[in-house]
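A.B. asks: Going by our numbering, the sequence shown opens with residue 154, and the numbers climb by one from there. The beta-carbon is built from N, C-alpha and C at its ideal position, and this holds for glycine as well. Mind looking over this structure? Questions follow.
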Amino acid sequence: MGRYDEIHRRSLEDPEGFWGEAAEKIDWETRWDKVLDDSNAPYYRWFTGGVLNTCYNCLDRHADGGRGDQAALIYDSPVTGSQATFTYSELRDKVARFAGVLRAQGVAKGDRVIVYMPMIPEAAIAMLACARIGAVHSVVFGGFAGHELAKRLNDAKPKAMVTASCGVEPGRVVPYKPLFDHAFQEATHTPDVLIVKQREAAGCDLVAGRDVDWDEAMAKAEPADCVPVAATDPLYILYTSGTTGQPKGIVRDNGGHAVALYWTMKGVYGLEPGEVWWTASDVGWVVGHSYIVYAPLLYGCTTIMYEGKPVGTPDAGAFWRVIAEHKPVALFTAPTAFRAIRQQDPEGSHIAKYDMPQFRTLFLAGERCDPDTLLWAQDKLKVPVVDHWWQTETGWAIATNPMGIEAMPIKPGSPTKPAPGWDVRVLDNEGKDLERGQIGAIACKLPLPPGTLPTLWQADERYHQAYLADYPGFYKTGDAGYMDQDGYIFVMARTDDVINVAGHRLSTGAIEEVLAEHPDVAECAVMGIHDELKGQIPVGLVVLAAGVERPRSEVQKECIARVREEIGPVAAFKHVAVVKRLPKTRSGKILRATMRKIADGEPWEPPATIDDPAILDEIKESLREIGLVPSS
154 MGRYDEIHRR SLEDPEGFWG EAAEKIDWET RWDKVLDDSN APYYRWFTGG
204 VLNTCYNCLD RHADGGRGDQ AALIYDSPVT GSQATFTYSE LRDKVARFAG
254 VLRAQGVAKG DRVIVYMPMI PEAAIAMLAC ARIGAVHSVV FGGFAGHELA
304 KRLNDAKPKA MVTASCGVEP GRVVPYKPLF DHAFQEATHT PDVLIVKQRE
354 AAGCDLVAGR DVDWDEAMAK AEPADCVPVA ATDPLYILYT SGTTGQPKGI
404 VRDNGGHAVA LYWTMKGVYG LEPGEVWWTA SDVGWVVGHS YIVYAPLLYG
454 CTTIMYEGKP VGTPDAGAFW RVIAEHKPVA LFTAPTAFRA IRQQDPEGSH
504 IAKYDMPQFR TLFLAGERCD PDTLLWAQDK LKVPVVDHWW QTETGWAIAT
554 NPMGIEAMPI KPGSPTKPAP GWDVRVLDNE GKDLERGQIG AIACKLPLPP
604 GTLPTLWQAD ERYHQAYLAD YPGFYKTGDA GYMDQDGYIF VMARTDDVIN
654 VAGHRLSTGA IEEVLAEHPD VAECAVMGIH DELKGQIPVG LVVLAAGVER
704 PRSEVQKECI ARVREEIGPV AAFKHVAVVK RLPKTRSGKI LRATMRKIAD
754 GEPWEPPATI DDPAILDEIK ESLREIGLVP SS
């Protein structure tokens with residue numbers, strides 16, 4: 154039995170012993186009564202009776218325990234041309250002072266605070282300041298549509314909101330005031346106070362009696378001490394899209410979250426305290442919460458906060474410049490970032506311009522990573538490329554190659570095996586285990602490990618219906634896939650993206666793998682659309698690599714031939730559209746469901762999370778060109 158097998162087995166057979174040991178690495182005000190409380194199953198809770206403060210564990214214990222002069226946060230902003238570094242002592246002092254600002258505005262333990270910010274240090278400071286005084290933060294991606302912000306205001310009912318005057322994107326400045334003004338007009342609940350960080354790129358007018366200037370308030374604030382909270386008290390709410398259109402407020406508790414994230418920095422990512430770590434994401438997403446802010450600081454690492462893009466700030470070498478300059482040993486980002494880099498720089502020529510001897514691992518997550526992208530990154534960077542799979546709801550990896558336990562052989566297309574604490578199964582429609590190799594619904598046996606969602610914000614029944622009702626005793630991931638003979642998990646698609654072609658269940662992900670292997674294809678997506686004869690048929694959309702000047706029709710024919718050869722005629726694959734770009738959310742997820750509605754002629758609206766709504770009109774035109782959308 155390998156080291157991974159031994160640790161994983163123990164985590165399932167003795168979860169209390171396993172996570173109890175992990176919890177010893179966290180500083181507790183009061184030790185827990187029970188590691189795993191199953192008295193109200195299936196609503197399990199971790200470390201009941203325990204009392205702690207997450208901000209103390211992230212900052213104070215390091216600042217006062219020998220890491221005071223170590224860099225805690227490096228801010229790098231190619232879009233504004235600015236950089237800053239904060240030591241653990243400096244960051245602790247700024248967070249304590251902003252916690253004093255919140256306290257002076259009447260924010261207390263249990264109150265909610267909306268953080269609507271761009272990728273600037275003040276976003277992380279606001280999050281940690283909420284944790285310091287026991288307030289519950291809810292980060293909403295800076296620049297999010299006013300209508301969607303209004304929904305979150307109504308659900309969280311915040312006492313205060315922290316924002317900035319603007320966001321800065323490549324080539325443009327995004328004023329936030331029109332967006333939050335719209336939200337305040339539409340919402341039935343608005344915050345008592347709005348704290349605004351004025352940015353040089355564009356300021357905004359403040360409303361007397363409601364708005365507070367960040368810098369002025371910080372200059373006169375009294376620092377606030379850490380407020381102890383129960384392990385089971387909420388640390389934050391993070392909203393994710395719901396099928397009803399009403400966002401789901403994922404709740405993260407304080408105790409289990411701190412224990413699990415601390416454990417992952419070594420167990421999953423193989424880091425040591427004091428090393429530099431970079432997650433190229435946004436604090437508006439769960440990846441930013443877990444691995445820009447909380448996990449690296451809990452563990453005593455230096456974390457990089459990047460306000461820029463993988464390409465265009467200024468070029469496809471942006472990531473390598475950051476790695477060479479700030480010396481992270483690992484990078485965690487989304488596969489879509491690497492597809493963008495590859496599309497702009499297919500040969501990886503920018504990599505040779507930078508010296509990165511300390512860089513040892515690339516981690517990818519956030520969406521399914523096609524094998525071609527993984528192999529390209531591995532070939533160009535000459536380091537292990539680790540695909541791992543997790544969700545907003547889980548807060549950390551369900552399946553991974555655990556680099557700090559036992560680095561296993563990489564199988565492109567698989568996030569490897571279940572992480573310790575996770576009992577992953579592949580189920581049929583009746584909830585029975587499927588044989589290895591058969592595609593089904595991926596579910597996780599309860600109880601879920603620490604750090605995962607205990608419920609939805611003030612919506613226990615909705616939580617039960619969304620995640621627990623379909624497969625009693627299991628958490629429904631909503632993803633479909635299979636487990637191979639070696640126990641490797643292959644997450645092929647969302648359950649909705651497994652299509653039925655004349656009675657044959659096909660994974661859109663498997664077809665995407667074939668298309669991605671075409672040398673001229675930089676990125677692709679496959680969706681199932683309605684067909685009178687076969688029920689559904691697959692349609693491919695491909696983005697060509699930079700510099701490809703061959704006729705589109707040749708590439709389309711070759712793509713169709715490849716799928717027929719690899720998947721077989723059963724796929725009935727006859728339609729490929731060449732597009733300039735794919736519609737995505739700001740976190741990089743491809744909007745297959747929206748494209749499917751366009752192709753099927755159903756009513757559709759641009760999702761709130763879309764990066765650029767204009768892309769959908771381009772997609773509609775491309776589908777019309779291949780005869781799939783009427784020319785009305």
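1. Helix, strand or coil, according to DSSP, for V729 in the structure here?
2. Can you tell me where the beta strand (DSSP E) holding I682 begins and where it ends?
3. To which residues does DSSP link T316 through a beta bridge?
4. Would D639 count as contacting chain D if we go by Cβ distances under 7 Å?
5. Using DSSP with H/G/I as helix, E/B as strand and the rest coil, what is Y624?
6. Drop a sphere of 10 angstroms on the beta-carbon of P467, count the other beta-carbons inside from all chains shown, and report buried for 16 or more, exposed for fewer.
7. Which whole-angstrom value describes the C-beta separation of A724 and P691, a residue pair presumed to lie in contact below a C-beta threshold of 8 Å?
8. Specify, as a first and last residue, the run of the beta strand (DSSP E) that S291 falls within.
9. Report buried or exposed for P671, applying the criterion of at least 16 other Cβ atoms within 10 angstroms of its Cβ.
10. E425: buried (16+ other C-beta within 10 angstroms of its C-beta) or exposed?
11. Within 10 angstroms of the Cβ of V360, are there 16 or more other Cβ atoms? Answer buried if so, exposed if not.
12. Could you pull the DSSP bridge partners for F512 from this structure?
13. Identify whether E500 lies in helix, strand or coil by the three-state DSSP scheme.
14. Enumerate, from N- to C-terminal direction, the unbroken beta strand (DSSP E) stretches of 3 or more residues contained entirely within the stretch 394–481.
15. Going straight from the alpha carbon of A558 to that of I642, what length do you get?
16. How many whole angstroms separate the CB atoms of G402 and W543, which I take to be in contact at a CB cut-off of 8 Å?
17. Check each candidate in L697, V731, A622 and name the one with the smallest Cα separation from P195.
18. Answer yes or no: do Y507 and L451 have a C-beta to C-beta separation smaller than 7 Å?
19. Between I763 and the rest of its own chain, which residues show a CB-CB distance below 7 Å, the 5 nearest in sequence each way excluded?
20. Apart from the five residues on each side of it in sequence, which residues of its chain come closer than 6 Å, Cβ to Cβ, to F239?
21. Keeping to the same chain, check which residues put their C-beta closer than 7 Å to that of G453; ignore five residues upstream and five downstream.
22. Is the stretch 265–284 close to the stretch 206–215, with three or more CB pairs under 8 Å?
23. Take R717 and list the residues in its own chain whose beta-carbon comes closer than 8 Å to its own, dropping the five residues that flank it on each side.
24. Determine the closest residue to G626 out of R156, E174, Y197, V188, with distance taken between C-alpha atoms.
25. May I ask which residues mark the beginning and end of the alpha helix (DSSP H) holding D190?
26. Roughly how many angstroms lie between the CA atoms of V365 and L388, to the nearest whole one?
27. Rounding to the nearest angstrom, what Cα-Cα distance links P328 and Y635 in this structure?
28. Buried or exposed: T661, going by 16 or more other Cβ atoms within 10 Å of its Cβ?
29. Quick one: what's got a C-beta closer than 6 Å to K304's C-beta in the same chain, skipping five residues either side?
30. To which residues of the same chain is A340 closer than 7 Å at the C-beta, ignoring the five residues directly before and after it?
31. So, at 6 Å on beta carbons, what are the nonlocal neighbours of G441 in its own chain, with the 5 sequence-adjacent residues on each side left out?
32. Mind the definition here: the stretch 264–273 touches the stretch 306–325 only if three or more C-beta pairs lie below 8 Å; say whether that holds.
33. Assign K373 to one of two classes, buried (16 or more other C-beta atoms within 10 Å of its C-beta) or exposed (fewer than that).
34. Quick check: the Cα distance between A560 and A678, rounded to an integer number of angstroms?
35. I'd like the list of long-range same chain contacts for M418, defined as Cβ closer than 6 Å, with 5 residues on each side in sequence excluded.
36. What runs of the beta strand (DSSP E), each 3 residues or longer, lie entirely inside the stretch 216–268?
C.D. replies: According to the data block:
1. Here residue 729 is taken as the residue at index 576 of the sequence shown, counted from 1. In the structure shown, the three-state DSSP call for V729 is strand.
2. On the sequence shown, position 529 is the one that residue 682 refers to. For I682, the uninterrupted beta strand (DSSP E) run begins and ends at 674–684, by DSSP.
3. Along the sequence shown, read from residue 1 onward, the residue named residue 316 stands at position 163. Looking at the DSSP assignment, T316 forms a beta bridge with Y269, V349.
4. Given the protein chain composition of this structure (a single chain), no chain D is represented.
5. In the sequence shown, counting from the first residue as 1, residue 624 sits at position 471. Of the three classes helix, strand and coil, the one that applies to Y624 here is coil, per DSSP.
6. Walking along the sequence shown from the start, residue 467 turns up at place 314. If you draw a 10 Å sphere on the C-beta of P467, you find fewer than 16 other C-beta atoms in it, and that means exposed.
7. Here residue 724 refers to the residue found at position 571 of the sequence shown. Here residue 691 refers to the residue found at position 538 of the sequence shown. Between P691 and A724 the Cβ distance is about 6 Å, and since that is below 8 Å, they are a contact.
8. If you number the sequence shown from 1, residue 291 lands on position 138. Here the beta strand (DSSP E) through S291 covers 289–294.
9. One-based indexing of the sequence shown puts residue 671 at position 518. The question names Pro, yet the displayed sequence has His at residue 671. Counting Cβ neighbours within 10 Å, H671 comes out buried, since at least 16 surround it.
10. Mapped onto the sequence shown, residue 425 falls at position 272. A residue is called buried when at least 16 other Cβ atoms come within 10 angstroms of its Cβ; E425 does not meet this threshold and is exposed.
11. Translated into the one-based positions of the sequence shown, residue 360 becomes position 207. Label assigned to V360: exposed.
12. Along the sequence shown, read from residue 1 onward, the residue named residue 512 stands at position 359. Looking at the DSSP assignment, F512 forms no beta bridge with any residue, so it has no partner.
13. The count along the sequence shown starts at 1 and reaches residue 500 at position 347. Here E500 sits in coil by DSSP.
14. Unbroken beta strand (DSSP E) runs of no fewer than 3 residues, entirely contained in the stretch 394–481, are found at 401–406, 429–432, 455–459, following chain order.
15. Counting from 1 along the sequence shown, the entry for residue 558 is found at position 405. Counting from 1 along the sequence shown, the entry for residue 642 is found at position 489. Correcting the residue identity first, residue 558 is Ile in this sequence and not Ala. Rounded to the nearest whole angstrom, the C-alpha separation of I558 and I642 is 18 Å.
16. Numbered from 1 along the sequence shown, position 249 holds the residue referred to as residue 402. Numbered from 1 along the sequence shown, position 390 holds the residue referred to as residue 543. Not confirmed; about 18 Å, so no contact.
17. Counted from its first residue, the sequence shown places residue 195 at position 42. P195 has its Cα closest to that of A622, out of L697, V731, A622.
18. Within the sequence shown, numbered from 1, the residue matching residue 507 stands at position 354. Within the sequence shown, numbered from 1, the residue matching residue 451 stands at position 298. Going by C-beta atoms, Y507 is not nearer than 7 Å to L451.
19. The residue you call residue 763 lines up with position 610 of the sequence shown. Result list for I763: P736, T738, L744, in chain order.
20. To locate residue 239, count along the sequence shown from 1; it is residue 86. Cβ neighbours of F239 within its own chain (closer than 6 Å, five residues either side excluded): A225, L226.
21. Position 300 of the sequence shown, counted from the start, is the residue given in the question as residue 453. Cβ neighbours of G453 within its own chain (closer than 7 Å, five residues either side excluded): H215, R220, P426, G427.
22. With a cut-off of 8 Å, the stretch 206–215 and the stretch 265–284 count as touching, because enough Cβ pairs lie within range.
23. Within the sequence shown, residue 717 is the residue found at index 564, counting from 1. So the list reads A724, F726, once near-sequence residues are dropped.
24. Taking the first residue of the sequence shown as 1, we reach residue 626 at position 473. The shortest C-alpha separation from G626 is found at Y197.
25. Working through the sequence shown from its first residue, we reach residue 190 at position 37. Per DSSP, D190 belongs to no alpha helix (DSSP H); it is in the beta strand (DSSP E), 187–190.
26. Residue numbering aside, residue 365 sits at position 212 when the sequence shown is read from its first letter. Residue numbering aside, residue 388 sits at position 235 when the sequence shown is read from its first letter. Cα atoms of V365 and L388: separation of roughly 24 Å, rounded to the nearest angstrom.
27. Against the sequence shown, residue 328 aligns to sequence position 175. Against the sequence shown, residue 635 aligns to sequence position 482. Rounded to whole angstroms, P328 and Y635 show a C-alpha spacing of 45 Å.
28. The count along the sequence shown starts at 1 and reaches residue 661 at position 508. Using a 10 angstroms sphere on the CB of T661, the tally of other CB atoms reaches 16 or more, which defines it as buried.
29. Position 151 of the sequence shown, counting from 1, holds the residue named residue 304. Within the same chain, K304 has close Cβ partners P400.
30. Your numbering for residue 340 matches position 187 in the sequence shown. Cβ neighbours of A340 beyond the five flanking positions: A303, L306, N307.
31. Here residue 441 refers to the residue found at position 288 of the sequence shown. Contacts found: S434, D435.
32. Taking 8 Å as the limit for Cβ pairs, the verdict is that the stretch 306–325 does touch the stretch 264–273.
33. The residue labelled residue 373 in the question sits at position 220 within the sequence shown. It counts as exposed.
34. For the purposes of this step, residue 560 is taken as the residue at position 407 of the sequence shown. For the purposes of this step, residue 678 is taken as the residue at position 525 of the sequence shown. Going by the C-alpha atoms only, they are around 30 Å apart.
35. Position 265 of the sequence shown, counting from 1, holds the residue named residue 418. Around M418: L424, A448, Y452.
36. Entirely contained in the stretch 216–268, the beta strand (DSSP E) runs reaching 3 residues are, in chain order, 224–230, 235–240.
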